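*Asks:*
Set out below in structure tokens:
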């Protein structure tokens with residue numbers, strides 16, 4: 004059983020380790036632009052998967068690398084053209100790439116997707132255009148909405164499956180994702196992932212130098 008605790012009731016540690024005092028100091032994103040900007044970076048994703056058939060177990064750990072793409076980026080315009088959507092209606096996009104957490108070097112482009120945000124007429128809702136779907140490897144358009152507590156729900160209808168994903172931030176450095184996949188005869192998959200932001204080596208080196216300086220001056 005997954006307990007969906009309101010993000011506003013969790014104490015934040017802050018972006019790259021900065022402490023945010025108070026339980027209500029963290030305000031979760033409620034628009035896709037803010038959500039993507041907070042998601043940018045590299046995350047350690049620890050994933051648990053429950054299959055209702057005999058598929059291989061996909062549980063494990065990996066790195067999730069999220070790179071922001073501005074509206075005029077070639078990849079954003081390509082994905083919009085793929086679905087015959089005017090590129091001018093997009094706000095921005097992002098490239099999602101998965102990589103083994105012990106692997107060095109750039110991520111393999113075969114294990115990734117580009118998504119583009121098309122905001123809706125109402126606040127906190129819209130559509131995501133993706134060149135590769137999460138469940139089936141085909142281009143898809145997924146309606147999304149944000150709850151008042153920052154809970155993002157994405158609904159995707161594929162040719163043979165229906166996927167629903169929920170994602171929210173506990174603080175600036177921890178995300179949670181829960182996904183379900185339904186077939187015509189019932190549920191096929193349930194997944195849960197906890198994702199923790201990986202601090203860049205440059206930031207760690209900066210923190211080390213600052214700590215060393217404090218020790219030397221004391």
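Residue numbers (the working numbering): 4 to 221. C-beta atoms are modelled at their ideal positions from N, C-alpha and C, and glycine is treated no differently. The structure displayed is predicted, hence computed values, not measured ones.
(1) If you count every other CB in all the chains shown that lies within 10 Å of the CB of residue 91, and 16 or more means buried, which is it?
(2) Around the Cβ of residue 80, are there at least 16 other Cβ atoms within 10 angstroms (buried) or fewer (exposed)?
(3) Could you check whether residue 83 and residue 97 sit closer than 8 Å to each other, using their CB atoms as the reference points?
(4) When you compare only the Cα positions, how much space is there between residue 114 and residue 30?
(5) Ignoring anything shorter than 4 residues, give me the alpha helix (DSSP H) runs that lie fully in the stretch 35-96, in order along the chain.
(6) Determine the closest residue to residue 186 out of 200, 205, 198, 163, with distance taken between C-alpha atoms.
(7) Where residue 216 and residue 42 are concerned, what is the direct C-alpha to C-alpha distance, given to the nearest angstrom?
(8) Need the endpoints of the alpha helix (DSSP H) that residue 216 sits in, please.
(9) Is the beta carbon of residue 137 less than 8 Å from the beta carbon of residue 166?
(10) What's the call for residue 5, buried or exposed, on a 16-neighbour Cβ count within 10 Å?
(11) Looking at C-beta atoms only, is the number of pairs between the stretch 58-70 and the stretch 202-220 that lie closer than 8 Å three or more?
(12) By the three-class DSSP mapping on this structure, what secondary structure does residue 196 have?
(13) Assign residue 196 to buried or exposed, taking buried as 16 or more other Cβ atoms, counted over all protein chains shown, within 10 Å of its Cβ.
(14) Classify residue 25 as buried or exposed, calling it buried when 16 or more other Cβ atoms lie within 10 Å of its own Cβ.
(15) Using 10 angstroms around the beta-carbon of residue 65, count the other beta-carbons present and answer buried if the total reaches 16, otherwise exposed.
(16) Alpha carbon to alpha carbon, how far is residue 32 from residue 179?
(17) For residue 151 and residue 126, what's the separation of their Cα atoms in angstroms?
(18) Considering only DSSP beta bridges, list what residue 185 is partnered with.
(19) So which of 175, 174, 193, 188 has the shortest CA-CA distance to residue 181?
(20) Anyone know if the C-beta pair for residue 86 and residue 132 falls short of 8 Å?
(21) Determine the burial state of residue 160: buried for a count of at least 16 other Cβ atoms within 10 Å of its Cβ, exposed for fewer.
(22) Around the Cβ of residue 189, are there at least 16 other Cβ atoms within 10 angstroms (buried) or fewer (exposed)?
(23) Return helix, strand or coil for residue 126, following the three-state DSSP convention.
*Replies:* On the basis of the data shown:
(1) Position 88 of the chain shown holds residue 91. Residue 91 comes out exposed.
(2) On the chain shown, residue 80 is found 77 positions in, with the first residue counted as 1. Answer is buried; the Cβ neighbour count reaches 16.
(3) Taking the chain shown and counting its residues from 1, the one referred to as residue 97 is at position 94. Taking the chain shown and counting its residues from 1, the one referred to as residue 83 is at position 80. Going by C-beta atoms, residue 97 is not nearer than 8 Å to residue 83.
(4) Your numbering for residue 114 matches position 111 in the chain shown. Your numbering for residue 30 matches position 27 in the chain shown. The alpha-carbon atoms of residue 114 and residue 30 are separated by roughly 32 Å.
(5) 35-42, 77-85
(6) Locating residue 186 in the chain shown gives position 183, counting from the first residue. Taking only the C-alpha atoms, the option nearest residue 186 is 163.
(7) Here residue 216 is taken as the residue at index 213 of the chain shown, counted from 1. Here residue 42 is taken as the residue at index 39 of the chain shown, counted from 1. Rounded to the nearest whole angstrom, the C-alpha separation of residue 216 and residue 42 is 31 Å.
(8) Counted from its first residue, the chain shown places residue 216 at position 213. Element bounds for residue 216: 204-220.
(9) Residue numbering aside, residue 137 sits at position 134 when the chain shown is read from its first letter. Residue numbering aside, residue 166 sits at position 163 when the chain shown is read from its first letter. Inclusion of residue 137 and residue 166 in the CB contact set at 8 Å is warranted, their separation being smaller than that value.
(10) The residue labelled residue 5 in the question sits at position 2 within the chain shown. Annotation note: pLDDT 38 at residue 5 (below 50); position unreliable, coordinate value reported separately. So residue 5 ends up on the exposed side.
(11) no
(12) Here residue 196 refers to the residue found at position 193 when the chain shown is read from its first residue. Strand.
(13) Here residue 196 is taken as the residue at index 193 of the chain shown, counted from 1. With 16 or more Cβ atoms within 10 Å of its Cβ, residue 196 is classed as buried.
(14) The residue you call residue 25 lines up with position 22 of the chain shown. In this prediction, residue 25 has a pLDDT of 42, which is less than 50 and means its spatial position is unreliable; nothing more can be read from the coordinates.
(15) Counted from its first residue, the chain shown places residue 65 at position 62. Classification for residue 65: buried.
(16) Start at 1 with the first residue of the chain shown, and residue 32 comes out as number 29. Start at 1 with the first residue of the chain shown, and residue 179 comes out as number 176. One C-alpha to the other measures close to 14 Å.
(17) Mapped onto the chain shown, residue 151 falls at position 148. Mapped onto the chain shown, residue 126 falls at position 123. Distance between the alpha carbons of residue 151 and residue 126: 11 Å.
(18) Translated into the one-based positions of the chain shown, residue 185 becomes position 182. In DSSP, residue 185 forms a bridge with 165, 190.
(19) Taking the chain shown and counting its residues from 1, the one referred to as residue 181 is at position 178. Taking only the C-alpha atoms, the option nearest residue 181 is 193.
(20) Walking along the chain shown from the start, residue 86 turns up at place 83. Walking along the chain shown from the start, residue 132 turns up at place 129. Yes.
(21) Position 157 of the chain shown, counted from the first residue, corresponds to residue 160. That one is exposed.
(22) Position 186 of the chain shown, counted from the start, is the residue given in the question as residue 189. Label assigned to residue 189: exposed.
(23) Within the chain shown, numbered from 1, the residue matching residue 126 stands at position 123. Note: residue 126 maps to coil in three-state DSSP.
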